[in-house]
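Enquirer: Numbered as in my numbering, the sequence shown ends at 184 without a single skipped number.
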Amino acid sequence: LYSNYRYNRLSMTEKITIIGTLNMELFLSGIEILPEWGKQIHAKECRIDPAGSGPRVAFPLSRFGVESFLIGKVGHDAYGREILRGLRNHDLSAEGIEITDKKDTGMCVILTKTGGDRAFIGALGSVEETDEKLIMDHYDLIEKNRFLIVTGYFNLPGVGHASWRKILERARADGKHILL
Numbered sequence: 005l006y007s008n009y010r011y012n013r014l015s016m017t018e019k020i021t022i023i024g025t026l027n028m029e030l031f032l033s034g035i036e037i038l039p040e041w042g043k044q045i046h047a048k049e050c051r052i053d054p055a056g057s058g059p060r061v062a063f064p065l066s067r068f069g070v071e072s073f074l075i076g077k078v079g080h081d082a083y084g085r086e087i088l089r090g091l092r093n094h095d096l097s098a099e100g101i102e103i104t105d106k107k108d109t110g111m112c113v114i115l116t117k118t119g120g121d122r123a124f125i126g127a128l129g130s131v132e133e134t135d136e137k138l139i140m141d142h143y144d145l146i147e148k149n150r151f152l153i154v155t156g157y158f159n160l161p162g163v164g165h166a167s168w169r170k171i172l173e174r175a176r177a178d179g180k181h182i183l184l
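Pasting the structure below:
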């Protein structure tokens with residue numbers, strides 16, 4: 005694993021902060037065509053995972069012994085609890101994750117065609133509540149780690165361009181290696 009800042013080798017004892025989406029993912033595979041409105045087709049396989057862009061980065065890092073801290077929001081519902089359970093199963097901290105009663109946990113449906121092409125349909129749900137305040141409330145997780153990874157940037161509408169600029173400029177001034 006490498007940092008793209010100075011190409012220094014990333015130590016397996018490194019700690020990383022990840023800002024990203026937290027949502028359920030429903031995979032429907034083996035779809036050759038999308039159905040017309042009012043019609044039904046069948047996938048060859050289906051799977052549901054508690055993930056989102058943040059955990060999709062954190063899960064493999066944890067297998068290599070890299071401790072990751074996520075910042076984001078989940079709903080106060082069964083899907084939110086499942087995501088938190090998934091994090092615990094990968095020995096990941098949930099201290100930067102807040103639970104909201106205002107929106108349900110989001111869902112992304114991933115349609116996969118034989119051969120690999122994919123299409124996505126998403127309902128952001130609680131992801132929409134990830135904003136500058138949430139990130140700054142958990143800035144201590146950024147401060148204590150050398151690396152900051154931002155995933156799902158365009159799927160975090162609650163963090164506007166000006167907020168991202170402020171957050172990333174502060175992290176850079178604090179000497180963090182930033183990966184987008």
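Even for Gly, the Cβ is constructed at its ideal location relative to N, Cα and C.
#1: Would you kindly report the start and end of the unbroken alpha helix (DSSP H) that includes Asp-144?
#2: Please return the same chain residues whose Cβ sits closer than 8 Å to the Cβ of Asp-178, not counting the five positions on each side in sequence.
#3: Could you give the distance in angstroms between the alpha-carbon of Lys-19 and the alpha-carbon of Ile-37?
#4: Relative to the C-alpha of Gly-58, which candidate in Gly-162, Phe-31, Leu-152 and Lys-180 has its C-alpha closest?
#5: Compute the beta-carbon to beta-carbon distance between Ser-33 and Val-78, rounded to the nearest angstrom, for a pair I have assumed lies under 8 Å.
#6: Pick from Ser-66, Lys-180 and Glu-136: whose alpha carbon is nearest that of Asp-95?
#7: Would you call the CB atoms of Lys-107 and Glu-136 closer than 8 Å?
#8: On the three-state DSSP scale, how would you describe Val-163?
#9: So Phe-31 packs on Thr-116, CB below 8 Å; how close in whole Å?
#10: If I follow the unbroken alpha helix (DSSP H) through Pro-64, where does it start and stop?
#11: From the DSSP secondary-structure annotation, give me the bridge partner or partners of Arg-97.
Expert: With the given structure in hand:
#1: 143-147
#2: Ile-146 and Glu-147
#3: 43 Å
#4: Leu-152
#5: Contact doesn't hold; Cβ gap of about 25 Å is too wide.
#6: Nearest option by C-alpha distance: Ser-66.
#7: no
#8: coil
#9: 7 Å
#10: Boundaries of the alpha helix (DSSP H) harbouring Pro-64: 57-67, taken from the DSSP string.
#11: Looking at the sequence provided, one finds Ser at residue 97 rather than Arg. Ser-97 is bridged to Phe-73.
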